[in-house]
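Student: Let me give you the structure first, and then I'll get to my questions.
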Amino acid sequence: MNPSDHRIPFIGVAFMLALGGCTGVPNREADDRPATPSATASPDATNTEDALPPAAQGLEPCPGDADREFVVRTGGRRITGLVRGSGDRVAVLSHQSRGTPCDLAALGALLNKAGFRVVAWTADSGIDVKALKQLVARERARGAANVVLVGASAGGARSLVAAGAIEPPVDAVVALSPPDLDLVAGDVERAVERYDGPMMVVAGEGDPGFAEVPAKLQPLHDGPEDIRAIAGSSSHGKDFVLRRTEPLAADVVAFLTQHAG
């Protein structure tokens, strides 16, 4: 299986990372600032949503006014992205192949509103498991008491593999349309066998090469789970949560809120 996402164009507000970091971000995060026990909710756009064209309704501007750019150099890696909010509950969002930290912006806004500090990231070499593990370790060192992982497509596979390797374990993991391998055959399955925390895996029944993955992983996992193959859907990865109004976005937030502290 090829875990690349060449079939899915980026939809919505484009976000690009230059070599110097994110562009167009109004604020820069102070990397040494400890987490605090509060979260900054995204503005309520209800009053203005109806005034937007239907194609734009529910989309989250990215970067938004509440987002702060961050740059971290750790373990020889340069990790960049956006952080929103504060607090000791942290959601780390991993984009799909050839994506950006804005892939899951709408979901990130909902998670922040639910009380999570949201970290959407990338690295110079793309997302990889080692960088994700280092990012989780950094968040814990800054005061995170609960950490959850969310990933789309390739980012979902890497979130699952990381969940099977991080100690102490993360509080929950969500994978949207993950392939059944990250780097080598069997690595996702072995990680799911090791991870016994809460796991949510979703794919569309009409998404060839990905539709069978939730059912394949379910018998390997020994823990709380929400496994879905969505009937009649060919959506893939970030498309499931492209808008704040997507039903699955609310379900993901509810799942993570239930299991993270």
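In this note's numbering, the protein residues as written are 78 to 338. Yeah, the Cβ is synthetic: ideal placement off N, Cα and C, and Gly gets one too.
Considering only C-alpha positions, which residue in the set R161, E146, A214, Q335 is nearest to V251?
Tutor: The shortest Cα separation from V251 among R161, E146, A214, Q335 belongs to Q335.
Student: Count the other CB atoms within 10 Å of the CB of P245; is the residue buried (16 or more) or exposed (fewer)?
Tutor: Flag for P245 reads exposed.
Student: For K210, which residues from the same chain have a beta carbon less than 7 Å from its beta carbon, with the 5 sequence-adjacent residues on both sides left out?
Tutor: Excluding sequence neighbours, K210 sits near A239, A242, I243.
Student: Is the beta carbon of N189 closer than 8 Å to that of A337?
Tutor: No, they are not a contact pair.
Student: Using DSSP with H/G/I as helix, E/B as strand and the rest coil, what is T334?
Tutor: Here T334 sits in helix by DSSP.
Student: Which first and last residues belong to the beta strand (DSSP E) in which S312 is found?
Tutor: Here S312 belongs to no beta strand (DSSP E), and DSSP marks it neither H nor E.
Student: Which value, in whole angstroms, describes the spacing of the CA atoms of A280 and G314?
Tutor: Their Cα atoms are separated by approximately 8 Å.
Student: What is the DSSP secondary structure of L170, counted as helix, strand or coil?
Tutor: It is a strand residue.
Student: Starting from G283, trace the alpha helix (DSSP H) in both directions and tell me its first and last residue.
Tutor: No alpha helix (DSSP H) contains G283, which DSSP labels as neither H nor E.
Student: Give the single residue among D180, A234, F287 whose Cα lies nearest to the Cα of R267.
Tutor: Here the closest residue by C-alpha is A234.
Student: Answer with buried or exposed for A128, where buried requires no fewer than 16 other C-beta atoms within 10 angstroms of its C-beta.
Tutor: Classification of A128: exposed, given that the 10 Å Cβ count is below 16.
Student: Use the C-beta contact count for G141: other C-beta atoms within 10 angstroms, 16 or more gives buried, fewer gives exposed.
Tutor: When all chains shown are included, G141 counts as buried.
Student: Secondary structure at I204, three-state DSSP: helix, strand or coil?
Tutor: I204 falls in the coil class under three-state DSSP.
Student: Can you give me the C-alpha to C-alpha distance between V195 and V225, rounded to a whole angstrom?
Tutor: Going by the C-alpha atoms only, they are around 10 Å apart.
Student: Whose C-alpha, out of L260, D259, E282, V227, is nearest the C-alpha of M276?
Tutor: Nearest C-alpha to M276: V227.
Student: Of all the options W198, L184, I204, which has the alpha carbon lying nearest to the alpha carbon of G192?
Tutor: Comparing Cα-Cα distances from G192 to each of W198, L184, I204, the minimum goes to L184.
Student: Excluding the 5 residues flanking G274 on each side, which residues of the same chain have their C-beta closer than 8 Å to its C-beta?
Tutor: Contacts found: A240, P246, V247, D248, A249, V250, G300, P301, H336.
Student: What separation, rounded to the nearest whole angstrom, lies between the Cα atoms of R150 and G158?
Tutor: About 12 Å.
Student: Does the distance from the C-beta atom of S174 to that of S236 stay below 8 Å?
Tutor: Not in contact: S174 and S236 (Cβ atoms no closer than 8 Å).
Student: Quick one: what's G158 bridged to in DSSP?
Tutor: Paired residue(s): F147, W198.
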